[in-house]
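One structure is given below, encoded as structure tokens.
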Amino acid sequence: MTDPNLARHIDRQAARFLRAVEYYGGEATMTEIRQRTGLSRDVANHRFQRLEDLELIEISYADEGYGDRRPPKVAHLTGLARKEIERGLLRILRDDGDSTEGVLDVESEMREVRDRLDRHQRRLDVLSASDPEDDLHERIDAVQDRLNDIETYSDEWNEAAEFYLRALRAALEDHGIDVGEYLREAQREPDSSA
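In the numbering used here, each residue's number is its place in the sequence shown (first place is 1) plus 5.
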């Protein structure tokens with residue numbers, strides 16, 4: 006179980022921040038974190054400082070910046086952060102139904118975005134019959150872009166999950182555990198939830 010004193014300092018945005026750093030292998034730049042979480046620069050900067058104060062991340066800077074910009078901050082998960090994540094520190098994301106927690110949530114968000122896109126398209130059709138508005142086209146394009154981003158994320162998540170599952174299977178088989186036998190046995194067992 007995660008340390009309750011630490012958990013009370015972790016809000017949803019801090020949990021999303023940590024999840025993004027974890028996603029990138031325990032080390033992520035400010036840009037990567039913001040792209041993954043959608044946090045504003047100010048919110049991300051605040052979380053950098055807050056999580057460093059809690060000793061959950063260490064901060065460094067990339068070797069080079071982009072163009073004339075200063076090198077971006079880089080967050081590194083500490084051993085404490087890794088331990089607390091394993092103990093359930095990021096449970097707030099699952100408890101709140103965060104859309105980054107699984108494929109089912111991503112798929113439901115994609116359906117919701119498609120529904121919104123369809124509603125906007127119908128409104129656009131009605132409006133374009135009398136007076137077309139560029140603003141509505143821009144909003145539809147933005148929704149379509151968001152849908153494309155979600156689909157890309159879903160593909161990335163599936164690739165990452167497949168990679169981890171292959172690694173777990175290899176590790177188990179290296180220890181003499183026949184994963185195939187467990188899978189066959191699970192398929193033979195009747196569904197106990199019925």
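Note that CB positions come from ideal geometry on N, CA and C, so glycine has one too.
Check	Outcome
Beta-carbon proximity of Q149 to L122, cut-off 8 Å	yes
Alpha-carbon spacing of I145 relative to H125, whole angstroms	6 Å
Separation of E156 from R116, as counted between CA atoms	11 Å
First and last residue of the uninterrupted beta strand (DSSP E) at H81	K78 to L82
Proximity of A80 and A33 at Cβ, strictly below 8 Å	yes
Alpha-carbon to alpha-carbon, R92 and A191	27 Å
Short Cβ contact (8 Å threshold) for L23 with I97	no
The alpha helix (DSSP H) enclosing Y71, as first and last residue numbers	Where Y71 is concerned, there is no enclosing alpha helix (DSSP H), given that its DSSP letter is neither H nor E.
Boundaries (first-last residue) of the beta strand (DSSP E) holding I62	I62 to Y66
Separation of D179 from R41, as counted between CA atoms	34 Å
Pick from E161, A20 and D130 that is closest to L59, judged by C-alpha positions	A20
Beta-bridge pairing of A33 - partner residues as DSSP gives them	A80
Pairwise C-alpha distance: D140 and G84	48 Å
Three-way DSSP call (helix, strand, coil) for L11 in this model	helix
Cα-Cα separation, T105 to I182	For T105, the predicted structure reports a pLDDT of 45, less than 50, and the residue's modelled location is therefore unreliable. A value from the coordinates is still provided. Using only the alpha carbons, I get a separation of about 31 Å.
Beta-carbon proximity list for V26, same chain, < 6 Å, skipping 5 on both sides	A33, A80 and L82
Whole-Å CB distance - R46 paired with Q18, under 8 Å assumed	Not really, about 13 Å apart at Cβ, beyond 8 Å.
V88 classed as buried or exposed, judged by whether at least 16 other C-beta atoms fall within 10 angstroms	Contrary to the premise, residue 88 reads as Lys rather than Val in this sequence. Exposed: under 16 other Cβ atoms inside 10 Å.
G43 versus L173 - alpha carbon distance	31 Å
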